[in-house]
Every structure is written in structure tokens, then in C-alpha cells.
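Going by the numbering used here, the letters in the sequence shown line up with residues 341 to 551, in that order. Glycine included, C-beta positions come from ideal geometry on N, C-alpha and C. What follows is one structure encoded as C-alpha cells, with my remarks underneath.
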Amino acid sequence: MNRLLLSLLLFSIFLSGCATNPVTGKKELSLVSEAKEISIGEQQYAPMRQSQGGDYVVDQALTDYVSDIGQKLAAASDRKLPYEFKVLNSSVPNAWALPGGKIVVNRGLLTELKDEAELAAVIGHEIVHAAAKHGARTMSRGMLMQGAMLATVVASQGKDYAQLAQMGAGLGAQLITTKYGRDAERESDLYGMEYMSRVGYDPQGAVDLQK
Numbered sequence: 341m342n343r344l345l346l347s348l349l350l351f352s353i354f355l356s357g358c359a360t361n362p363v364t365g366k367k368e369l370s371l372v373s374e375a376k377e378i379s380i381g382e383q384q385y386a387p388m389r390q391s392q393g394g395d396y397v398v399d400q401a402l403t404d405y406v407s408d409i410g411q412k413l414a415a416a417s418d419r420k421l422p423y424e425f426k427v428l429n430s431s432v433p434n435a436w437a438l439p440g441g442k443i444v445v446n447r448g449l450l451t452e453l454k455d456e457a458e459l460a461a462v463i464g465h466e467i468v469h470a471a472a473k474h475g476a477r478t479m480s481r482g483m484l485m486q487g488a489m490l491a492t493v494v495a496s497q498g499k500d501y502a503q504l505a506q507m508g509a510g511l512g513a514q515l516i517t518t519k520y521g522r523d524a525e526r527e528s529d530l531y532g533m534e535y536m537s538r539v540g541y542d543p544q545g546a547v548d549l550q551k
């Protein structure tokens, strides 16, 4: 009986967690609320920046420039979030986004770009990661998998149901640095180019960036 009840519980969680992705229009699992996404991003943003070189404070005009482009692209995105853009003092050519719209571009990547269109391609790509809930999607899948494993333990050993909630609650920080899959990267490439076009950038910049 315990096994049946827990199976029904997990199935109901799956059904109730289905939502339409604001970017792709597809139905997908969503067990993380927007408020939780924003909260996780806000909590992790400063520590992650600090651990990767800290903010680039030598040239505030550069950060303002990147932020202005980011906000212009964010205004054209399919999901309104409290987007924030920072430049990190790191020579590693990289950029990343946290749930809730917290985005960084490394100084080392900026030195590799040829023009503003390529920068817009980078930022547009990262905006899609946030707008399309890629981080939340990863966390939702992790919560479902952890819940299924715990349900098996509960059913076979009679452990407390409260463990299910406790295990799910800790997944935010645990999965925050998980790399996105190929589908998420393809979505970010595609819709990032759309965002570029909406604000007047030539999507060829995204093609040149990939080259």
C-alpha cells in the first residue's frame, strides 16, 4: 500500500508541475516557482562572482556598457525578470546565467569579441538560459529523481515522509552549477538570435561568435 500511495503521490506531483515554457511554448516539468528561481539567483550571485575573480571595478564604463546591452536584450525577451549584468575580473573566456536573470560576462571573453553584435549574441544566449527556465528545469528533474529514489526507500523501509521535502529543499544550491544539456544550449542559440533581431542586431554576429 505504501508503495502505491507514494507512486500516486509522485505522479500527481508530476502532473501538477507541468507548465508552459514562456520561451519555447512547450509543456515541461516545473517544480520550482519563479519566486524560488529569483531567490536562488540572488543568494548565489554574489558568492559565485566573488569565487571567480570578483567584479571588474577598474572600468565602470565597461560594466555599464555591457549592462545597457543586456537590459536592451532583456526587454525584448519572452519573460520579465529582475535581470542584472556584471563583468567579472577573470581572464577565462566565459559567461554564465543563474536562475532569475543574474548574468555575468568575464573580462577574458570580452577581449575575444570582435564587435557589439557578438557581445549581444553572448548576452542573448545567457538571457535565454534564464528566461527559458533552464536552471529551474534542471532542479525540477533532480527533485523528481531524488523524490522517486526516496519514495522507494520509504515504501521498502517505512521511513518518514518528511525526508522527501527535506531532500528536495536542498537541491537548489546543489544543482545550481550543473551544466546545461545540449537541448538547452540549442534553445539558447536559437532564441538568443531572435532576441538580437528584435532589438536590431544582425544575427550573423551569433554565427561569427560560434566560428
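Taking a 10 Å sphere around the C-beta of SER391, we find fewer than 16 other C-beta atoms and assign the residue as exposed.
Residue environment analysis places THR478 among the buried positions, since at least 16 neighbouring C-beta atoms fall within 10 angstroms of its C-beta. Between VAL462 and VAL406, the gap from beta carbon to beta carbon reaches 7 angstroms or more. Contact between LEU449 and ASN434 holds, since their C-beta atoms are separated by about 6 angstroms, short of 8 angstroms. LEU428 has ASP395, ASN446 as its beta-bridge partners, per DSSP. Between ALA414 and TYR423, the beta carbon gap of about 4 angstroms places them in contact (Cβ cut-off 8 angstroms). For GLU525, there are no CB contacts under 8 angstroms within the same chain when 5 residues up- and downstream are skipped.
In the displayed model, GLU368 falls within a strand according to three-state DSSP. Contact between TYR541 and VAL468 does not hold, since their C-beta atoms are separated by about 14 angstroms, which reaches or exceeds 8 angstroms. Spatial neighbours of ALA476 in its own chain (CB-CB distance under 6 angstroms, excluding positions within 5 residues in sequence) are listed in chain order as VAL372, GLU377, PRO439. With contacts defined as CB atoms closer than 7 angstroms, ILE409 and ALA460 qualify as a contacting pair. In the DSSP assignment, THR360 is bridged to LYS367.
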